[in-house]
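Residue numbers (the numbering used here): 2 to 888. Even for Gly, the Cβ is constructed at its ideal location relative to N, Cα and C. Below is one structure, written out as structure tokens; comments come after it.
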């Protein structure tokens with residue numbers, strides 16, 4: 002399309018990235034589930050997208066605390082972040098990008114703020130700045146107090162806190178001392194005349210947080226946006242307006258426009274988000290127009306001034322009727338009035354039409370079908386090709402959407418009932434079409450009805466700068482005019498598809514790849530051919546070769562590898578000492594994106610809803626823990642005496658998740674027991690005196706396996722290496738772990754959260770009923786997991802670690818079938834009731850799925866997001882109510 006279009010911009014070649022999250026508020030015992038969608042920014046098609054997506058979880062100190070490489074196929078992928086108590090409560094940022102998107106500006110890096118809270122019900126819920134209250138009032142000033150919690154955005158803050166109070170253009174700097182519970186109390190006098198006060202603090206690590214408030218109840222900041230940028234004298238001008246309250250959110254207003262003699266020119270009323278517009282006929286540049294808002298009791302001096310009109314200029318007015326778009330161009334400039342109107346959407350030029358103004362005006366008429374659905378930038382150029390007016394317009398065209406139809410039997414539902422869904426996707430005229438669909442089920446109480454979704458993001462938020470309050474609001478029935486108010490106000494800002502074509506320095510990654518440079522160490526080997534070999538150390542032990550002339554660059558395209566990190570070796574195929582001494586092999590490192598996490602003080606989720614979600618999560622966790630304590634009681638363990646045990650961060654994570662070790666085998670003891678006949682860790686354990694802790698058995702194929710000495714028949718033993726669960730398919734590799742790479746082997750009997758670990762390891766639900774087991778935790782020198790401690794039996798190789806695709810985790814839903822449907826004693830309190838990130842609907846356009854509901858009661862919403870290969874977007878929400886089972 003870029004080749005055939007008359008004109009396109011650099012940024013139209015970028016990729017839009019969208020992550021559908023199961024929530025934005027979590028406690029530390031939850032999992033963050035996400036689906037990733039990549040589309041071309043200009044066409045919205047998923048074809049030819051990158052095959053590798055980078056997803057980072059970033060804390061408030063701008064540290065990347067976890068990263069995932071997500072496999073993308075046909076523009077779609079999915080992943081998760083497993084939370085635990087090592088994540089400190091606070092604000093976090095999830096960002097996602099591709100290597101290709103490094104060619105473009107930061108607008109194409111997906112970012113979404115989330116909040117993480119402690120799972121401990123004794124931990125209080127706080128905002129970084131909260132409880133701003135008036136404690137005293139005088140004739141001239143008012144005394145206010147506020148509580149500050151800097152550790153929510155900087156957990157390592159320890160010293161006194163720098164606080165800044167800005168009012169009426171003056172900034173005071175204060176120092177606040179820490180009080181109880183890591184809180185700081187600010188007390189400060191503020192002038193009664195101050196309408197707008199900005200309060201902020203700066204932590205030890207230069208992290209800041211800002212909020213605003215007003216001493217005057219009902220304070221409103223009213224801003225005006227003439228349709229084409231300026232009020233033009235002698236012409237009728239449309240003016241957009243936006244009213245913002247002291248909390249930074251839109252607020253409803255109504256009022257009058259007055260002239261200098263206080264004569265009412267026109268009246269207006271905003272929508273619920275504080276936006277609207279009004280017309281001013283025959284604007285006079287000599288008049289200072291003003292607005293007076295109606296107060297609750299129809300009194301007050303709520304007066305705001307419009308920007309002054311300019312003497313000469315152009316304006317464009319855009320309206321839509323039925324299937325047509327009307328663009329009226331006007332000017333009060335006499336003379337040669339030839340003009341050009343351009344219409345661009347997502348960086349592609351869809352329209353370029355010349356015209357001559359007749360008596361200073363001309364009306365263009367276009368079919369809506371000429372443009373894609375979404376934001377259009379109409380720009381007017383004068384006869385010297387200078388842009389003189391611009392207006393953003395939203396082309397509302399449901400004929401270009403994917404229609405999602407979801408049905409299920411309407412009946413009374415109870416806890417643990419089976420829900421059967423039938424989902425179909427169609428384009429207009431009821432033509433079935435294939436699509437990739439996600440299904441998310443949540444309690445309606447945990448949802449903001451105006452939350453961001455696939456439709457609001459791709460059609461609106463991704464093409465408009467700045468945060469949008471309640472983006473889903475604009476796509477509800479009856480809100481077409483509200484989108485135009487948004488275009489007039491927030492859309493008045495610069496549109497992002499304006500960059501000229503420039504060089505593309507980063508390649509589009511379809512697969513995992515390794516690249517680098519081979520350089521000769523002396524001139525005699527210059528321009529000599531060399532055959533390179535790359536070998537992986539995953540289960541497949543894949544080998545790749547390529548020819549290169551030194552000095553020169555090389556690149557290996559790898560097969561899909563899943564795990565944490567993968568160690569590779571690159572060397573000359575012959576692997577001779579001469580090759581090693583004659584050539585240097587250097588791997589390229591990908592350019593790291595700088596972290597720029599500025600916390601948005603106006604959260605997309607209301608504080609009351611955040612608190613409700615946190616309290617519910619803690620309540621459900623408490624019920625589950627109480628059940629397991631009452632059912633199984635406590636297990637008396639043998640006395641554990643471990644001398645010199647150092648609680649490293651990885652060991653602490655294991656202890657928090659699964660419990661403290663009952664036995665520790667130090668790496669030194671393993672190496673002392675190793676012999677020349679040893680083939681790996683299990684062979685050392687098999688022939689030594691460790692059998693009271695770990696039992697090694699040999700199978701019919703000669704492979705060795707291990708289990709803990711504690712526990713009888715049916716007792717399960719699972720393995721974790723460097724904090725990473727070892728999946729069932731990789732368990733045979735454990736026997737080959739080199740003893741000299743191991744720092745310790747630790748046994749955790751009667752481990753906690755064993756069912757959860759079992760489902761990860763086996764990719765299947767744990768057995769029903771009482772379930773016991775142990776964990777063998779292995780720690781290595783490199784800390785890189787299972788494959789980081791496996792080496793060949795040959796001489797030591799120069800290894801390099803590369804990131805690989807993250808293992809997909811299946812969302813586990815218990816099957817409450819006929820054998821267990823009435824067994825309500827085992828708690829099932831899922832905060833996310835159901836999650837299916839990739840439901841593939843073929844060209845027949847129909848797919849069925851089923852899931853079992855949990856013990857949660859109330860009203861629940863089924864959120865369905867869909868996209869076709871050609872970029873049509875679909876969104877549907879259904880609701881059902883679940884009652885408590887009484888029999």
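Out of 172, 257, 348, the CA that lies nearest to the CA of residue 501 is found in 348. Non-local C-beta neighbours of residue 215 in its own chain, meaning closer than 7 Å and more than five positions away in sequence, comprise 196, 197, 198, 247, ordered along the chain.
By the Cβ rule, the segment 107 to 127 counts as touching the segment 80 to 97, because three or more pairs are nearer than 8 Å. In this structure the segment 243 to 258 does not lie against the segment 399 to 415, because fewer than three pairs of beta carbons, one per stretch, are closer than 8 Å. Along the segment 545 to 584, the beta strand (DSSP E) occurs as fully enclosed runs of 3 or more residues at 553 to 558, 566 to 573, listed in sequence order. The residues 408, 849, in chain order, have a CB closer than 6 Å to that of residue 423 in the same chain once the five nearest residues on each side in sequence are set aside.
According to the DSSP assignment, residue 682 belongs to the alpha helix (DSSP H) that extends over 682 to 687. When C-alpha distances from residue 744 are compared across 727, 671, 701, 679, the shortest belongs to 671. In the assembly as shown, residue 700 is an exposed residue. Its beta-carbon has fewer than 16 other beta-carbons within 10 Å. Between residue 234 and residue 312, the C-beta gap is smaller than 7 Å, which places the two residues in contact. Residue 27 and residue 85 have their C-alpha atoms spaced approximately 11 Å apart.
Comparing C-alpha distances from residue 781 to each of 736, 756, 746 shows the shortest one belongs to 746.
Where residue 409 is concerned, there is no enclosing alpha helix (DSSP H), because DSSP gives it neither an H nor an E. With a cut-off of 8 Å on Cβ pairs, the segment 30 to 39 is in contact with the segment 74 to 84, counting three or more such pairs. Exposed is the label assigned to residue 847, since fewer than 16 other Cβ atoms lie within 10 Å of its Cβ. Using a C-beta cut-off of 8 Å, the segment 533 to 546 makes no contact with the segment 826 to 837, since fewer than three inter-stretch Cβ pairs fall below that distance. By the Cβ neighbour-count rule, residue 392 is buried, with 16 or more other Cβ atoms within 10 Å of its own. Each residue's CA atom was taken as its position, placing residue 583 and residue 549 some 14 Å apart. DSSP places residue 517 in the strand class (E or B) of the three-state scheme.
A distance of 7 Å or more separates the beta carbons of residue 343 and residue 385. Annotated three-state conformation of residue 762 is helix, per DSSP. Taking the Cβ atoms as the reference, residue 876 lies roughly 6 Å from residue 866, within the contact range of under 8 Å.
One Cα belongs to residue 460, the other to residue 21, and the distance between them is close to 15 Å. DSSP lists 258 as the beta-bridge partner residues of residue 267. Counting along the chain, the unbroken alpha helix (DSSP H) around residue 486 starts and ends at 481 to 490. Two segments are said to touch when three or more pairs of C-beta atoms, one from each, lie closer than 8 Å; by this definition the segment 611 to 631 does not touch the segment 138 to 148. For residue 266, the closest alpha carbon among the candidates 276, 274, 280 is that of 280.
DSSP places residue 745 in the strand class (E or B) of the three-state scheme.
As a beta-bridge residue in DSSP terms, residue 168 pairs with 171, 198.
Approximately 26 Å separates the beta-carbon atoms of residue 520 and residue 103; this is outside 8 Å, ruling out the contact. Shown here, residue 421 sits in a strand according to DSSP, grouped into three states.
Assignment of residue 475 by DSSP, reduced to helix, strand and coil, places it in the helix class. The segment 147 to 154 and the segment 177 to 193 touch, with no fewer than 3 CB-CB distances between them shorter than 8 Å. Following the DSSP letters along the chain, one finds residue 657 inside the alpha helix (DSSP H) bounded by residues 650 to 659. Residue nearest to residue 130 within the set 624, 178, 211 is 211 (criterion: CA-CA distance). Counting the other CB atoms within 10 Å of its CB gives residue 725 a total of 16 or more, which places it among the buried residues.
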